[in-house]
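Counting the sequence shown from 1 gives a position; the numbering used here is that position plus 68.
C-beta: ideal position from N, C-alpha, C; glycine also.
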Amino acid sequence: MFPEEASYLAKVAFFREKVTIYPVSCEVLANGRSDIEWLEAVLAGGARIVQLRDKHSDDLTLYRKALVFREKTREAGALFIVNNRVDIALLAKADGVHLGNKDLPVQEVRKLVPEYIIGVSCNTPEQAATAKSRGASYFNIGPLFATATKKNLAQFLGPDAIRTFASLCDLPFTVMGGVKLEHVQALAAIGARRIAVVTAVTQAKDIAAETRRWIEAIDRASVH
């Protein structure tokens, strides 16, 4: 079933054409709900991609969690990305991995997993400009605004960075960092139609309903 058996090009096309909200898990900010409960809810809300981000579990726990994520995303026909852990992504047969600037080099990971979607975080124009040549499938622009998931940061890019970064690389991109529902229309107007979110969804009273609200808002904003 799509997307696990799909080709790399088909998965990238799916990412480019179908992904709007990009939910990222964070169990410690989910008001007592587990990553699996979060996963089931965002998929029920219509998410077409999910990222497993867990920096606290031991390796065995994370591996077992990733297997559940793979099973449930397969059933839903959604892409499954693992944050930073290439080993876990491989073992769980994920669709891809997202790498930060202190993670393994994108170009080396690309040699290891040529058919994986690889996302890369870009905090500077220079990182965006080299994302494609390094082997990324997509890049993330952020953090745009102050966010609870990034501690000890004093500088945020702001929405103006979207035009600058996007002009330097023709890969599809996501935006992230403190984005709220009320930002969607303005962000879409400057080209951002794939929005990665953590607390906006994890802390919602009804995660599935909030996921649907974001998808509908991005869809509405993107047609204008």
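Tell me the DSSP bridge mates of Tyr76? Against the sequence shown, residue 76 aligns to sequence position 8. In DSSP, Tyr76 forms no bridge with anything.
Let me know the secondary structure DSSP gives Leu212 once reduced to three states. Within the sequence shown, residue 212 is the residue found at index 144, counting from 1. It is coil, neither helix nor strand.
Residues near Ala309 in its chain [Cβ-Cβ closer than 8 Å; skip 5 each side]: The shown model of the chain, from 69 to 292, leaves out residue 309, and the question about it has no answer.
Contact check, Leu236 vs Ala196, beta carbons under 8 Å: Indexing the sequence shown from 1 puts residue 236 at position 168. Indexing the sequence shown from 1 puts residue 196 at position 128. Yes, Cβ-Cβ distance for Leu236 and Ala196 is below 8 Å.
Compute the beta-carbon to beta-carbon distance between Ala234 and Phe224, rounded to the nearest angstrom, for a pair I have assumed lies under 8 Å. On the sequence shown, position 166 is the one that residue 234 refers to. On the sequence shown, position 156 is the one that residue 224 refers to. About 17 Å separates the two Cβ atoms, so there is no contact after all.
Can you find at least 3 beta carbon pairs, one from the stretch 120-138 and one from the stretch 180-195, that sit closer than 8 Å? no
DSSP three-state call for Val243: helix, strand or coil? By 1-based counting over the sequence shown, the position of residue 243 is 175. Correct three-state label for Val243: strand.
Thinking just about the alpha-carbon of each residue, which of Val291, Ile283, Gln175 and Glu278 is nearest to the one in Trp106? Translated into positions along the sequence shown, residue 106 becomes position 38. Nearest C-alpha to Trp106: Glu278.
Three or more C-beta pairs below 8 Å linking the stretch 107-116 and the stretch 256-275: yes
Extent of the continuous alpha helix (DSSP H) run through Pro193: For the purposes of this step, residue 193 is taken as residue 125 along the sequence shown, with counting starting at 1. Taken as a continuous stretch (DSSP letters only), the alpha helix (DSSP H) holding Pro193 covers Pro193 to Arg202.
Can you name the start and end residues of the beta strand (DSSP E) that Gln119 belongs to? Mapped onto the sequence shown, residue 119 falls at position 51. Where Gln119 is concerned, the enclosing beta strand (DSSP E) stretches over Ile117 to Leu120.
If you draw a straight line from the C-alpha of Ile156 to the C-alpha of Leu130, how long is it? The residue labelled residue 156 in the question sits at position 88 within the sequence shown. The residue labelled residue 130 in the question sits at position 62 within the sequence shown. If you take the alpha carbons of Ile156 and Leu130, they lie about 8 Å apart.
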